[in-house]
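Following this line, the structure appears as structure tokens:
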């Protein structure tokens, strides 16, 4: 059932991750990143930055085939959007299956991402915006590229400001009804 496939996950209380591709691979990477953030917090008493978390995640993905027991036997087939809030403010990172990552203001992944991505780039080039503005930009673009009607049953929304929060179905419905 599509509603049982979790494609947005909490990495740490201040970082969330959306995924497209092989979800099992994504979960492996997210679990690794979650352990890394917790180890830093327990060892040094400070949260890991969003960029450092993204780097740790990509470092694991780059180690495939190295022969040690922690490395994977195949490359990861997943793209990720990692969003978070840390001492540097709010940030968004995109990782591709080659484990390359870069910071962006807005990015689409998954089916229909080409058209959605160009629309997002046009509208998100300013950088900082309020959450309500981001919702108002993203949902209409999602409506354009989705084959079915946008509903709380087929759309998930999460925010990280300053902590991770996955919207409930009524909260998703409220965003949809504003459009």
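Numbering (the working numbering), first residue to last: 246 to 424. Don't be surprised by glycine CBs; every beta carbon is placed ideally from N, CA and C.
Residues bridged to residue i (per DSSP)
i, result
"residue 253", "263"
"residue 330", "335"
"residue 410", "404"
"residue 340", "325, 346"
DSSP state of residue i mapped onto helix, strand, coil
i, result
"residue 353", "coil"
"residue 324", "strand"
"residue 246", "In this prediction, residue 246 scores a pLDDT of 47, lower than 50, which makes its location untrustworthy; no coordinate-derived value is stated."
"residue 394", "coil"
"residue 276", "helix"
"residue 258", "coil"
"residue 424", "coil"
"residue 369", "coil"
"residue 375", "coil"
For residue j and residue i, the rounded distance between their alpha carbons
i, j, result
"residue 407", "residue 272", "23 Å"
"residue 388", "residue 350", "20 Å"
"residue 256", "residue 300", "13 Å"
"residue 240", "residue 415", "Only positions 246 to 424 of the chain appear in the structure, and residue 240 is not among them; the question remains open."
"residue 292", "residue 346", "20 Å"
"residue 405", "residue 364", "22 Å"
"residue 369", "residue 285", "32 Å"
"residue 260", "residue 276", "12 Å"
"residue 298", "residue 395", "31 Å"
"residue 290", "residue 258", "14 Å"
"residue 359", "residue 344", "19 Å"
Beta-carbon separation (whole angstroms), residue i vs residue j, contact threshold 8 Å
i, j, result
"residue 332", "residue 294", "7 Å"
"residue 302", "residue 278", "4 Å"
"residue 324", "residue 341", "5 Å"
Distance cut-off 7 Å: residue i Cβ against heavy atoms of the ligand FMN
i, result
"residue 275", "By its list of ligands, the structure shown contains no ligand whatsoever, and the ligand FMN lies outside what it can speak to."
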